[in-house]
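Student: Starting off with a structure, shown below.
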Ligand SMILES: Nc1ncnc2c1ncn2[C@@H]1O[C@H](COP(=O)(O)OP(=O)(O)O)[C@@H](O)[C@H]1O
Ligand SMILES: [Mg+2]
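Numbering (the numbering used here), first residue to last: 6 to 268.
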């Protein structure tokens, strides 16, 4: 039996600052299998970004137990470099370096896999160049490799961010609202690219989204988060209109209001 991509047991977190003490995660228990594609949906403030940051090893002072790719996560310290390289994160704003070429931006995905002295001198190995070439090809960017990132369209920039993540050769991809700024056609294309490439490579994915229809269309499983708690966790095909209504309106309502489209 292969280990889960990640397992969370009774994980909780509160943000404490001078003015508010907000419970961002409350007793979250969740397990995702290798190669599984999971959508995390829920209203603004539900705790989606907090949960993804925790899995990415960026959150401190949480309680409970968490294992990611077979290694325990600590609430007190960031994970080891080798472990970080196995987790790819796609940020909402894509975080590209504007004055670098597409090729260099995608190569940045290799930084965690290259000895620091070598990457400092720009001396990446053949393995690195091969991973970048494959990622550029798979994301349809091969012809744009030499172009500077600031000369790309929005859609092309999104693909560069995904190519950078794939070049990293992660075993788990976390994506925080990767489609929130996109029109529906681009959003569907982008999710198809992330989930399609991940499935081809056997990479587990968890992406957060505000859009239940797209989540259901592209994920194997949909997890609903409300006020820091998991309200449901279902195979994508079994998501109901009531699930969505409860998540966004705090109550069930008949099938008439919101439509959840089928596959
Ligand atoms: N740095 C922070 N300091 C204080 N509270 C925060 C911080 N980040 C998030 N929160 C609070 O934690 C809760 C969950 O936020 P977040 O994880 O960003 O939700 P989501 O991504 O689902 O919109 C919210 O109540 C939010 O206001
Ligand atoms: Mg968020």
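Even for Gly, the Cβ is constructed at its ideal location relative to N, Cα and C.
Under the criterion of a Cβ to heavy atom distance below 7 Å, does residue 54 qualify as lining ligand 2?
Tutor: Working through the chain shown from its first residue, we reach residue 54 at position 49. Yes.
Student: Within its chain, find whatever has a CB closer than 8 Å to the CB of residue 151; leave out the 5 residues flanking it on each side and keep chain order.
Tutor: For the purposes of this step, residue 151 is taken as residue 146 along the chain shown, with counting starting at 1. Taken in chain order, the residues that qualify are 106, 107 and 108.
Student: For residue 21, report the span of its beta strand (DSSP E) as first-last.
Tutor: Indexing the chain shown from 1 puts residue 21 at position 16. That run of the beta strand (DSSP E) goes 11-21.
Student: So is the beta-carbon of residue 234 under 7 Å away from any non-hydrogen atom of ligand 2?
Tutor: Counting from 1 along the chain shown, the entry for residue 234 is found at position 229. Result no, Cβ not under 7 Å from ligand 2.
Student: Could you have a look at residue 54 and say whether DSSP puts it in helix, strand or coil?
Tutor: For the purposes of this step, residue 54 is taken as the residue at position 49 of the chain shown. In this structure, residue 54 counts as helix in the three-state DSSP scheme.
Student: Can you list, in chain order, the residues of its chain whose CB lies under 8 Å from that of residue 77, leaving out five sequence neighbours each side?
Tutor: Locating residue 77 in the chain shown gives position 72, counting from the first residue. Cβ neighbours of residue 77 beyond the five flanking positions: 70 and 71.
Student: Residue 238 by DSSP, collapsed to three states: which one?
Tutor: As a first step, residue 238 is located in the chain shown; it is residue number 233 there, counting from the start. In the structure shown, residue 238 sits in a strand (DSSP, three-state: E or B).
Student: Classify residue 102 as buried or exposed, calling it buried when 16 or more other Cβ atoms lie within 10 Å of its own Cβ.
Tutor: Here residue 102 is taken as the residue at index 97 of the chain shown, counted from 1. Exposed is the call here.
Student: Under 7 Å: does the beta carbon of residue 66 sit that close to some heavy atom of ligand 1?
Tutor: By 1-based counting over the chain shown, the position of residue 66 is 61. In this structure, residue 66 has its beta carbon at no less than 7 Å from each heavy atom of ligand 1.
Student: Taking the alpha carbon of residue 203 as the reference point, which residue from 231, 184, 172 and 217 has its own alpha carbon closest?
Tutor: Position 198 of the chain shown, counted from the start, is the residue given in the question as residue 203. Among 231, 184, 172 and 217, the Cα nearest to that of residue 203 belongs to 172.
Student: Helix, strand or coil: how does DSSP classify residue 119 here?
Tutor: Position 114 of the chain shown, counting from 1, holds the residue named residue 119. The answer is coil: DSSP assigns residue 119 none of H, G, I, E or B.
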